[in-house]
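So for the sequence shown, my numbering puts the first residue at 52; every next one is plus one.
Reviewing the structure listed below.
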Amino acid sequence: MKKKLIFLSVFFFTGCYSFEQGYGQFSLLLKQQKIEDVLNENKEPKERIEKLKLVRPILTFAEQEIGLTPGNSYKKYVALESSAVSWVVQAADKRKLKLKTWWFPIVGSQPYLGFFEKEKAFKQRDTLKNEGYDTVMGGVSAFSLLGYYPDPIYSSMLDQSSLSEFIEVLIHESVHRTLYIPDYYSFNENLADFIAKRATVHFLDLHPELKISSQEYFSQYKRNLLAQKKFQEYLGKIKNDITEFYEYADKNLEFKDETIFLAEREIKFNQIASEYKKFMNGLEIGTNYEFSFQKGKINNAVILSYSIYEAKQEPLEKAYQNAKQNLKLMLKNLKSCLSGSLQDEKDLWSKVENCRSENELKP
52 MKKKLIFLSV
62 FFFTGCYSFE
72 QGYGQFSLLL
82 KQQKIEDVLN
92 ENKEPKERIE
102 KLKLVRPILT
112 FAEQEIGLTP
122 GNSYKKYVAL
132 ESSAVSWVVQ
142 AADKRKLKLK
152 TWWFPIVGSQ
162 PYLGFFEKEK
172 AFKQRDTLKN
182 EGYDTVMGGV
192 SAFSLLGYYP
202 DPIYSSMLDQ
212 SSLSEFIEVL
222 IHESVHRTLY
232 IPDYYSFNEN
242 LADFIAKRAT
252 VHFLDLHPEL
262 KISSQEYFSQ
272 YKRNLLAQKK
282 FQEYLGKIKN
292 DITEFYEYAD
302 KNLEFKDETI
312 FLAEREIKFN
322 QIASEYKKFM
332 NGLEIGTNYE
342 FSFQKGKINN
352 AVILSYSIYE
362 AKQEPLEKAY
372 QNAKQNLKLM
382 LKNLKSCLSG
392 SLQDEKDLWS
402 KVENCRSENE
412 LKP
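Written out as structure tokens, the structure reads:
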């Protein structure tokens, strides 16, 4: 699973899951320290200190240049005892490309459950497997409370990224706090990814003292961009292919037998793995996509977890061009265009790609 940001609005959940998540969040908040105190004490590893020093300039840039609203977040720091702040479990139907979702107040439907304890995530994963779902589980470095409570900087955010990647992560987080559409998790993730990558390039341009990190990021950014486009093409292809197989299997009595169905499905998944490297033609090497679609590790949940983050960059690119490649204007336009009611996801993306400033719409 890709390292991505998740939403855990623990103060709004209900039931046992709510209590456990609320307790986990509260335990983390008890460990908070003011970042300025951490910097003055200078007891953290050098790499962490270097990144913590950048928090204030990054947030100032995000507010003034991009129009983000981090609010009172990221003024405190939490040193974790593990490499991840949370573990996320996703599940999907075995016979069609459909993610299982859970509905929560405020945030709406979400395609994952997050846990502060790894053992509980494993237990939930096993429960879902026993219920007949495909599953995928992974650790994440950060999550957002979407502006309902100030977020701290977690040590996992510092340790799992380079200096320039940390800039991207922090901006990504701030996008979630600025514009979030309940129920439309794919849009929220794609928007944060789109803005954060371009804003990071802008920030590094404004800070020549970060020259080494800047050069590394620009080079990696270009490689990732090329790989991303190719990856999205492959993702679309395999989703079409596997959907055709599921539709065929649904109409064929032979595949009513679960053993036969799963055996044939595994052949399809192995083909996806074996053809991936050939399709990417080396573009994946040294990028976020290098270890995608590994043999024996593919299922519907894995495919759909990629789809959340990789599916919809083109409409955002159109909105960006409509805003004259100005991220601040783009964000302002999107807030206006998406302020009304939405019929469905198709309606949302249609509004995104046709989004322009109100002045342009006037005759």
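All C-beta atoms, glycine included, are put in the ideal place defined by N, C-alpha and C.
Bounding residues of the alpha helix (DSSP H) (the contiguous stretch that carries residue i)
i, result
"residue 327", "309 to 331"
"residue 127", "Premise fails: residue 127 lies in the beta strand (DSSP E), 127 to 129, not in any alpha helix (DSSP H)."
"residue 186", "Taken as a continuous stretch (DSSP letters only), residue 186 belongs to no alpha helix (DSSP H), being part of the beta strand (DSSP E) at 185 to 191."
"residue 206", "206 to 210"
"residue 306", "Note, residue 306: premise wrong, no alpha helix (DSSP H); not H, not E."
"residue 112", "97 to 112"
"residue 92", "86 to 92"
Chain-order list of residues whose beta-carbon lies under 6 Å from that of residue i (same chain, five-residue window excluded)
i, result
"residue 196", "202"
"residue 380", "374"
"residue 382", "118"
"residue 350", "185"
"residue 396", "none"
"residue 138", "166, 169, 172 and 190"
Buried/exposed call for residue i, threshold 16 Cβ in 10 Å
i, result
"residue 176", "buried"
"residue 102", "buried"
"residue 244", "buried"
"residue 178", "exposed"
"residue 314", "exposed"
"residue 345", "exposed"
"residue 400", "buried"
"residue 240", "buried"
"residue 57", "Unreliable positioning characterises residue 57 in this predicted model, as indicated by a pLDDT of 42, which lies under 50. The coordinate reading is nonetheless provided below. Buried is the call here."
"residue 219", "buried"
"residue 259", "exposed"
"residue 16", "The structure shown does not extend to residue 16, since the chain is modelled only from 52 to 414, so the question has no answer here."
"residue 394", "exposed"
"residue 78", "exposed"
"residue 237", "buried"
"residue 415", "Residue numbering for the chain in the displayed model covers 52 to 414; residue 415 lies beyond these limits and cannot be assessed."
"residue 372", "exposed"
"residue 363", "buried"
"residue 257", "exposed"
"residue 80", "exposed"
"residue 416", "Nothing about residue 416 can be read from this structure; the chain reaches only from 52 to 414."
Pair within 8 Å by beta-carbon distance, residue i and residue j
i, j, result
"residue 255", "residue 264", "yes"
"residue 226", "residue 135", "no"
"residue 319", "residue 296", "yes"
"residue 285", "residue 215", "no"
"residue 204", "residue 272", "no"
"residue 359", "residue 323", "no"
"residue 108", "residue 157", "no"
"residue 370", "residue 250", "no"
"residue 352", "residue 143", "yes"
"residue 170", "residue 193", "no"
"residue 242", "residue 150", "no"
"residue 217", "residue 209", "yes"
"residue 356", "residue 211", "no"
"residue 89", "residue 98", "no"
"residue 183", "residue 147", "no"
"residue 100", "residue 91", "no"
"residue 246", "residue 110", "no"
Residue range of the unbroken beta strand (DSSP E) whose run includes residue i
i, result
"residue 374", "Unbroken run through residue 374: none, as it is neither H nor E."
"residue 172", "Premise fails: residue 172 lies in the alpha helix (DSSP H), 169 to 181, not in any beta strand (DSSP E)."
"residue 137", "137 to 143"
"residue 166", "164 to 166"
"residue 160", "159 to 161"
"residue 155", "153 to 155"
Close Cβ partners of residue i (< 7 Å) along its chain, the five nearest in sequence each way excluded
i, result
"residue 274", "337 and 338"
"residue 65", "Here the model assigns residue 65 a pLDDT of 36, short of 50, so the residue's position is not dependable and the matter cannot be decided."
"residue 334", "277, 278 and 281"
"residue 312", "300 and 306"
"residue 131", "205, 206 and 207"
"residue 253", "116"
Distance cut-off 7 Å: residue i Cβ against heavy atoms of the ligand COA
i, result
"residue 352", "Because no ligand of any kind appears in the structure shown, any question about the ligand COA cannot be addressed here."
Contacting residues, own chain, Cβ-Cβ under 8 Å from residue i (five flanking each side not counted)
i, result
"residue 152", "160, 161 and 162"
"residue 181", "none"
"residue 122", "198, 201 and 228"
"residue 127", "83, 84, 85, 86, 201, 203 and 204"
"residue 328", "335"
"residue 213", "264, 267 and 268"
"residue 331", "278, 281, 282, 285 and 340"
"residue 326", "none"
"residue 120", "114, 198, 225, 228 and 229"
List, from N- to C-terminal side, the beta strand (DSSP E) runs of 3 residues or more that fit wholly inside the region 230 to 270. none
In the region 344 to 404, which residue ranges form an unbroken alpha helix (DSSP H) of at least 4 residues, counting only runs that do not cross its ends? 351 to 361, 365 to 373, 378 to 388 and 396 to 404
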